[in-house]
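Only one structure is covered here, and it is reproduced in the block below.
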Amino acid sequence: MKKRENFRELELKVNSKTHRVTVQDSWLLLRVLRDQLGLTGTKHGCGKGECGACTVLIDGKAVNSCLVLAVETEGSEITTIEGLAKENELHPVQRAFIDHFALQCGFCTPGMIMSAFALLKKRKSPSEEEIKKALKGNLCRCGAYANIIKAVKSV
221 MKKRENFREL
231 ELKVNSKTHR
241 VTVQDSWLLL
251 RVLRDQLGLT
261 GTKHGCGKGE
271 CGACTVLIDG
281 KAVNSCLVLA
291 VETEGSEITT
301 IEGLAKENEL
311 HPVQRAFIDH
321 FALQCGFCTP
331 GMIMSAFALL
341 KKRKSPSEEE
351 IKKALKGNLC
361 RCGAYANIIK
371 AVKSV
């Protein structure tokens with residue numbers, strides 16, 4: 221890490237690509253992803269870690285990016301919603317959300333998908349209770365929970 225005045229240069233690995241960014245020590249990962257890397261699928265919701273709209277994976281674990289300093293993620297593998305699709309082909313979790321009408325306004329969808337993806341990496345066939353537990357940090361203002369659970373079970 222190279223420090224320059226109140227800024228430092230970081231090397232972040234996001235969606236399997238290495239990026240060099242200049243940040244202040246106090247900048248959150250959410251800000252860097254959206255404002256510097258243009259990865260706007262990660263949403264800014266509450267800013268307090270309560271809604272899950274900003275969920276990304278850090279080293280495979282679902283994390284609220286509004287609670288993580290960007291400088292803490294150097295050397296980690298970060299995956300955002302944009303990193304799931306491969307060669308214009310949606311990831312099965314993304315496809316399941318569409319097929320099961322598991323979205324309405326869509327604001328919570330990226331965070332829900334990232335939390336579901338993290339669960340499915342650990343458990344191939346999770347129970348409904350395990351799905352509910354994995355998604356408990358993600359809020360859907362539209363109330364699409366029943367279809368979200370169906371979508372995750374279908375994968």
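Heads up, the sequence shown is in the numbering used here, so the first residue is 221 and it goes up one at a time. Every residue gets a Cβ at the ideal spot worked out from N, C-alpha and C, and that includes glycine. Every value quoted in this text rests on a predicted model; they were computed, and no experiment measured them.
Alpha helix (DSSP H) containing residue i: first to last residue?
| i | result |
| --- | --- |
| E231 | Note, E231: premise wrong, no alpha helix (DSSP H); beta strand (DSSP E) at F227 to V234. |
| E350 | E348 to L355 |
Please report the residue range of the beta strand (DSSP E) in which residue i lies.
| i | result |
| --- | --- |
| N284 | K281 to N284 |
| V243 | K237 to Q244 |
| L277 | T275 to I278 |
| I298 | E297 to T299 |
Taking 7 Å as the limit between beta carbons, can you name the residues of its chain near residue i, skipping five residues before and five after?
| i | result |
| --- | --- |
| Q314 | L304, A305 and I333 |
| L250 | T262, H264, C274, S285 and C286 |
| I362 | Looking at the sequence shown, residue 362 is not Ile but Cys. Once the five neighbours on either side are set aside, the close Cβ partners of C362 are Q324 and C325. |
| T293 | L232, L249 and I278 |
| R343 | E350 |
Do residue j and residue i come within 8 Å of each other at the CB atom, strictly closer than that value?
| i | j | result |
| --- | --- | --- |
| E350 | L339 | yes |
| I301 | P330 | yes |
| V291 | V243 | yes |
| L310 | A336 | no |
| K352 | I369 | yes |
Alpha carbon to alpha carbon, how far is residue j from residue i? Give it in angstroms, no decimals.
| i | j | result |
| --- | --- | --- |
| I298 | D279 | 6 Å |
| R233 | G295 | As written in the sequence, residue 233 is Lys, which differs from the Arg given in the question. Rounded to the nearest angstrom, the two C-alpha atoms are 7 Å apart. |
| R254 | K237 | 15 Å |
| N226 | V288 | 18 Å |
| C266 | A366 | 23 Å |
| H372 | E348 | Going by the sequence as given, residue 372 is Val instead of His. Cα to Cα, V372 sits roughly 9 Å from E348. |
| A322 | A364 | 6 Å |
What does a CB cutoff of less than 8 Å around residue i pick up in its chain, not counting 5 residues either side in sequence?
| i | result |
| --- | --- |
| S374 | A316, D319 and H320 |
| P312 | V375 |
Ordered along the chain, which non-local residues of its own chain (more than five positions away) have a Cβ less than 6 Å from that of residue i?
| i | result |
| --- | --- |
| W247 | A290 |
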